[in-house]
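For reference, the structure is listed below as structure tokens.
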Amino acid sequence: MTTIRSIVRGTGSYLPARVMSNLDFEGIIDTSDEWIRQRTGIARRHMAAAEDTTVSMGEAAARRALDAAGLVPDDIDLIILATATPDNTFPASSVQVQSRLGIEHGFAFDVQAVCSGFVYALTTADLYIRNGMARRALVIGSETFSRILDWTDRTTCVLFGDGAGAVVLEASEGAGTLEDEGILVSKLRSDGRHKEKLYVDGGPSTTGTVGKLRMEGREVFKHAVGMITDVIDDSFAAMGIGPEDIDWFVPHQANRRIIEASAKKLGIAPEKVVMTVEDHGNTSAASIPLALDRAVRDGRIGKGDLVLLEAMGGGFTWGATIVRWS
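Just so we're aligned, residue 1 is where the sequence shown starts under UniProt numbering, counting upward by one.
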């Protein structure tokens, strides 16, 4: 019996030209390169210039993904953009990307699940494709977190960076087995009781302002590993596989210690982990597609590989997806 799968046709990314190293923070706040590296694994991050926005970066990443797929914008009939930092309260940043790409058909919308946004968007696009409402989709994660940071708070402002990543999904027929190419399983979760642990202290209906990011770092770390591994174990169980079957683990790039602890608890070998947090910092919904694009372009991820994606973000939200690379 055949089934519709969403295969990955191409990946793309965009990073602003300006790079801010840990040393650059030493003249702004009470911190040091050693302190940041030891606690987070971050050495540098990219920061948006005045002309860089969530929409412009998302467009650039999307065009590179389309080029990699050998497609043109008119081939796309669905755009889902994951972001917590949209250009405007409305309209959605995705429809602005759609316009900039010159697409006048199909539909587009944003997904807001913070750092889990790309996994949520990928899962949503897969559902539309499998149900026949779309043939090809652009899934984008794009963030300008530098514009919601409190630059006097040394515990948060050193953690985040800006950037965008994208993938092109396309409908393809599979046999309904583990050997199929494309998205094989996704698991999503949320628990709103943890809102105060990671949030932005503003919004249109509360303060009428954008607000700044606030985080209880120890609390987030405490919950992260357990939540991440729980949803991945569920994904393994649904597919009848184990960590030894995974070729590549591409986690949300928030903190080296969280990534390493999660991989160790899951039993995933360190050499299978794709890690870009040192160079990008935490780029929220952009972090997974940025890491994916790097690993695809440097030849690590290739046809037939079984790739595990996972993320956890404010809310809390968290999720995992397993993809057979095409």
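No residue lacks a Cβ here, since even glycine has one placed at the ideal position from N, Cα and C.
Fill in: Of the residues T3, T2, M1, V8, the one placed nearest V167, counting alpha carbons only
Per the C-alpha coordinates, the member of T3, T2, M1, V8 positioned closest to V167 is V8.
Worksheet item: Buried or exposed: H105, going by 16 or more other Cβ atoms within 10 Å of its Cβ?
Response: exposed
Discussion item. If distances are taken between C-alpha atoms only, which option among I129, F160, G319, T321 comes closest to I36?
Written reply: F160
Worksheet item: Where L213 and K272 are concerned, what is the direct C-alpha to C-alpha distance, given to the nearest angstrom?
Response: 32 Å
Practice prompt. Ignore the nearest five residues each way along the sequence and tell me which others in T229's own chain have a CB closer than 8 Å to its CB.
Written response: S262, K265, L266
Worksheet entry | Check whether R154 and T31 have beta carbons under 8 Å apart | yes
Item to complete: Determine, using beta carbons only, whether M1 and G165 come nearer to each other than 8 Å.
Response: no
Worksheet item: Since E170 is in the beta strand (DSSP E), which residue starts that stretch and which ends it?
Response: 162 to 174
Item to complete: Could you say if the region 305 to 313 and the region 241 to 248 meet the contact criterion of at least three C-beta pairs nearer than 8 Å?
Response: yes
Worksheet item: What are the residues that DSSP puts in a beta bridge with R136?
Response: E170
Practice prompt. Can you check the region 63 to 135 for any alpha helix (DSSP H) of at least 4 residues that lies completely inside it and give the ranges in chain order?
Written response: 93 to 100, 117 to 130
Discussion item. Rounded to whole angstroms, what is the Cα-Cα separation between G192 and I4?
Written reply: 33 Å
Worksheet item: What is the DSSP secondary structure of S235, reduced to helix, strand or coil?
Response: helix
Fill in: Pair within 8 Å by beta-carbon distance, T83 and T124
no
Item to complete: Give the C-beta separation of G313 and V114 to the nearest angstrom, bearing in mind that I take them to be a contact with Cβ-Cβ under 8 Å.
Response: 3 Å
Worksheet item: For the candidate residues H194, R300, G315, A285, whose alpha-carbon lies nearest to that of M57?
Response: In terms of CA proximity to M57, A285 leads the group H194, R300, G315, A285.
Worksheet item: For I29, which residues of its own chain have a beta-carbon under 6 Å away from its beta-carbon, when the five flanking residues on both sides are left out?
Response: If you ignore the 5 residues before and after I29, its C-beta comes within less than 6 Å of the C-beta of R154, all in its own chain and listed in chain order.
Item to complete: Under the assumption that E216 contacts K197 (Cβ atoms under 8 Å), give the Cβ distance between them as a whole number of angstroms.
Response: 5 Å
Worksheet item: In chain order, what residues of the same chain lie with their CB nearer than 7 Å to the CB of R294, ignoring the 5 residues before and after it?
Response: T276
Item to complete: Count the other CB atoms, across all protein chains shown, that sit within 10 Å of the CB of W151; report buried if there are 16 or more and exposed otherwise.
Response: exposed
Worksheet item: Given that a residue counts as buried once 16 or more other Cβ atoms are within 10 Å of its Cβ, and exposed if not, what is L23?
Response: Counting Cβ neighbours within 10 Å, L23 comes out exposed, since fewer than 16 surround it.
Fill in: Classification of R18 by the beta-carbon crowding that lies within 10 angstroms, buried from 16 upward
Classification for R18: exposed.
Item to complete: Take P16 and list the residues in its own chain whose beta-carbon comes closer than 8 Å to its own, dropping the five residues that flank it on each side.
Response: H46, M47, A48, A49, D52, M57, D162, G163
Practice prompt. Would you mind reading off the limits of the alpha helix (DSSP H) that contains A50?
Written response: From DSSP, A50 is part of no alpha helix (DSSP H); its letter is neither H nor E.
Fill in: Start-to-end residues for the beta strand (DSSP E) that takes in I322
317 to 324
Item to complete: Leaving aside the five residues before and after V323 along the sequence, list all residues of the same chain whose C-beta is less than 6 Å from its C-beta, in chain order.
Response: I183, V307
Worksheet entry | As assigned by DSSP and simplified to three states, the class of A295 | Correct three-state label for A295: helix.
Worksheet item: How many Å lie between E260 and L290 at the Cα?
Response: 19 Å
Worksheet item: Can you give, in chain order, each stretch of the alpha helix (DSSP H) that sits fully within the region 202 to 268 and has at least 4 residues?
Response: 217 to 239, 256 to 266
Worksheet item: Under a three-way DSSP split, which group does E310 fall into?
Response: strand
Item to complete: Can you tell me which of the three DSSP states T156 falls into?
Response: Taken through DSSP and simplified to helix, strand or coil, T156 comes out as coil.
Discussion item. Can you list, in chain order, the residues of its chain with a C-beta nearer than 8 Å to that of T207? Leave out the 5 residues immediately preceding and following it.
Written reply: D201
Worksheet item: Which term fits T209, buried or exposed, when burial requires 16 or more other beta carbons within 10 angstroms of its beta carbon?
Response: Exposed.
Worksheet item: Do you know offhand how far R300's Cα is from G315's?
Response: 33 Å
Worksheet item: Would DSSP call E143 helix, strand or coil?
Response: strand
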